[in-house]
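Below is one structure, written out as C-alpha cells, with a few remarks after it.
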Amino acid sequence: MMHFKTKFHLLLTVIILFISQSACSGIKPEKLCQPNRLKIQMLGTRGPELWDKQASVSYLVWLDNKARIIIDAGPGSSQNFEASQAKFEDLDAILFSHFHVDHSADFMAYAKGGFFTERTRDLMIIGPSANQVFVSADQFVERAIGKKGVYSYLSNFVSEEQNSAFKIRPKTLPWTDDHPEVMTAYRNPATGLVVKAVATRHGPVPAFAYRVEAAGCSVVLSGDMSGQMGKVPAFARNAEILVAHNAVPEDASGVALKLHMKPSYIGKMAARANVKQLLLTHLMRRTADKSKTLTIIRKFYNGKVVFPEDMDIYFAE
-3 MMHFKTKFHL LLTVIILFIS QSACSGIKPE KLCQPNRLKI QMLGTRGPEL WDKQASVSYL
57 VWLDNKARII IDAGPGSSQN FEASQAKFED LDAILFSHFH VDHSADFMAY AKGGFFTERT
117 RDLMIIGPSA NQVFVSADQF VERAIGKKGV YSYLSNFVSE EQNSAFKIRP KTLPWTDDHP
177 EVMTAYRNPA TGLVVKAVAT RHGPVPAFAY RVEAAGCSVV LSGDMSGQMG KVPAFARNAE
237 ILVAHNAVPE DASGVALKLH MKPSYIGKMA ARANVKQLLL THLMRRTADK SKTLTIIRKF
297 YNGKVVFPED MDIYFAE
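The sequence shown begins at -3 in the working numbering and counts up by one.
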C-alpha cells in the first residue's frame, strides 16, 4: 500500500510541475495537431548581406491553403511572396520581430503593391515599441508612408481624411526586458489563428519572438536574439516547428554575441523546448559551414534539423 502511495505522490508531483511550467511560460497544453492545415513558407532565409541569391528573412504562414500572416519582410522577400502565388487579399497582418533593415525593408513594396490588388479590408502592421534608437510599429508606418513620411504619396493608406480601398493599421506591442510576459499579438476568431509574442534581447534593439497557433499546431519564430533573457525555450515548448536564426558561429564574441545566439544555445533551446523540427535561417557568410553548425547542435538536440532555402514549405504536423 505504501509503495502505491509513493508512486501516486510522484505522479501527482510530475503533473503539478508540468502545469506550473506551462502556466509560467504562458503556453497552454495544445490539442492534437491537425496535419496539413498549418504550414510556413520561407520568403527569405538569409541575413543582411547581398549573398547567396536568397532574400533576407521573411516567413509566410498559411492556414487551410490561404496566406494568413507574414512575419518580417526583408529585402527581396516580396518577390517571393508573388512567386508563392499567395493572395495579398487573404493576409490578416504583417508582424515584425524588430525594425532592422533586413527584416523590414520590403514593407513599402507591400504597401504600394497592395494598391493593385482587390483588397478591401484593413491590414494590420504589428511590432515592438520604441526606445531611444529604434521606432515603434506606429512610428515605422508613419515615417514610411505617413503625411510626412519618406513615401508620403502613399499616406492615403493611413490617413482617415483620404480615400483608399483599405487602411494600414499599426499596432505597437509593449517591449520590456524587465520580467517580460507572453502576450497576444494577434487573434482571428473566425479562423482560430492566434499569434503570441514574448520580448527577446537583441543587443539594443526591441525585439520579439512569435508563436503562431492554429488547428492544434504551433510554429515558433525566434527572430534575432542573443538568448540572454532565456524566455524562448519555455515559449517554444512542444512546438511542431521552431525557426531559429543562425547568424553567428560558435566562436562569436563581442557585439555579435550580444545580438545573436551561438549554435550551442540553439541546440539547447530546441532540446529544452522539445520541438519536433528545427529550421535554421538568417544564415550569413560566417555561418555558411552548415556541417560545422549541425555537429554542434547535435550535441544537444536529436530532432529533425533543416537549413531551408527560399520558397521551401514546412507543414506543422
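Backbone N, C-alpha and C fix where the C-beta goes; we use that ideal spot for every residue, glycine too.
Remember, it's a predicted structure, so these values are computed and weren't measured experimentally.
{"Check": "Sequence-distant residues of the same chain with beta carbon closer than 6 Å to VAL213, five excluded per side", "Outcome": "The question names Val, yet the displayed sequence has Cys at residue 213. Same-chain partners within the cutoff: CYS29, LEU34, GLU236 and ALA312."}
{"Check": "At least 3 beta-carbon pairs within less than 8 Å: the segment 184 to 195 vs the segment 132 to 150", "Outcome": "no"}
{"Check": "Where SER54 falls: helix, strand or coil (DSSP)", "Outcome": "strand"}
{"Check": "DSSP-derived helix/strand/coil call for TYR149", "Outcome": "helix"}
{"Check": "Same chain only: Cβ atoms within 6 Å of ARG294, ignoring 5 sequence neighbours per side", "Outcome": "none"}
{"Check": "Residue interval of the beta strand (DSSP E) (run including PHE204)", "Outcome": "201 to 210"}
{"Check": "Residues that DSSP places opposite ASN184 in a beta bridge", "Outcome": "LEU189"}
{"Check": "Sequence-distant residues of the same chain with beta carbon closer than 6 Å to LYS286, five excluded per side", "Outcome": "PHE303"}
{"Check": "Segment contact, 8 Å Cβ cut-off, at least three pairs: the segment 239 to 251 with the segment 272 to 284", "Outcome": "yes"}
{"Check": "Element boundaries [beta strand (DSSP E), containing MET38]", "Outcome": "34 to 40"}
{"Check": "Alpha carbon of ALA205 to alpha carbon of MET225, nearest angstrom", "Outcome": "12 Å"}
{"Check": "Runs of beta strand (DSSP E) lying entirely within the segment 213 to 266, each at least 3 residues, in chain order", "Outcome": "213 to 217 and 237 to 241"}
{"Check": "Given MET38 as reference, the closest of VAL154, SER80 and ASP48 once Cα atoms are compared", "Outcome": "SER80"}
{"Check": "Those residues which DSSP pairs with THR196 across a bridge", "Outcome": "ALA203"}
{"Check": "Residue(s) in a DSSP beta bridge with ARG165", "Outcome": "MET120"}
{"Check": "Straight-line Cα distance separating ALA69 from MET120", "Outcome": "14 Å"}
{"Check": "6 Å Cβ shell around PHE84 - same chain, five flanking residues per side excluded", "Outcome": "GLY110, THR113 and ARG115"}
{"Check": "Helix, strand or coil at LEU290 according to DSSP, with G and I counted as helix", "Outcome": "helix"}
{"Check": "Contact under 8 Å by Cβ, ILE67 with LEU91", "Outcome": "yes"}
{"Check": "Closest by C-alpha distance to GLY72, when choosing among TYR55, ILE164, MET221 and PRO202", "Outcome": "TYR55"}
{"Check": "Residues near VAL201 by beta carbon distance below 7 Å, same chain, minus five either side", "Outcome": "HIS94, HIS96 and PHE130"}
{"Check": "Alpha carbon of LEU290 to alpha carbon of ASN61, nearest angstrom", "Outcome": "32 Å"}
{"Check": "HIS175, buried or exposed, once every other Cβ within 10 Å from all chains shown has been counted against 16", "Outcome": "exposed"}
{"Check": "Candidates ALA51, TRP58 and ARG233, of which the one nearest TYR310 by Cα", "Outcome": "TRP58"}
{"Check": "8 Å contact criterion, which LEU275 and GLY299 should meet: CB distance rounded", "Outcome": "Incorrect: roughly 11 Å between the Cβ atoms, too far for contact."}
{"Check": "Of the residues VAL194, PRO31, TRP171 and PHE77, the one placed nearest TYR106, counting alpha carbons only", "Outcome": "PHE77"}
{"Check": "8 Å CB neighbourhood of LYS27 in its chain, flanking five on each side removed", "Outcome": "GLY212"}
{"Check": "Pairwise C-alpha distance: SER74 and ASP102", "Outcome": "6 Å"}
{"Check": "Coarse secondary structure for GLN158, derived from DSSP in three states", "Outcome": "coil"}
{"Check": "MET179 and ALA203 closer than 8 Å at C-beta", "Outcome": "no"}
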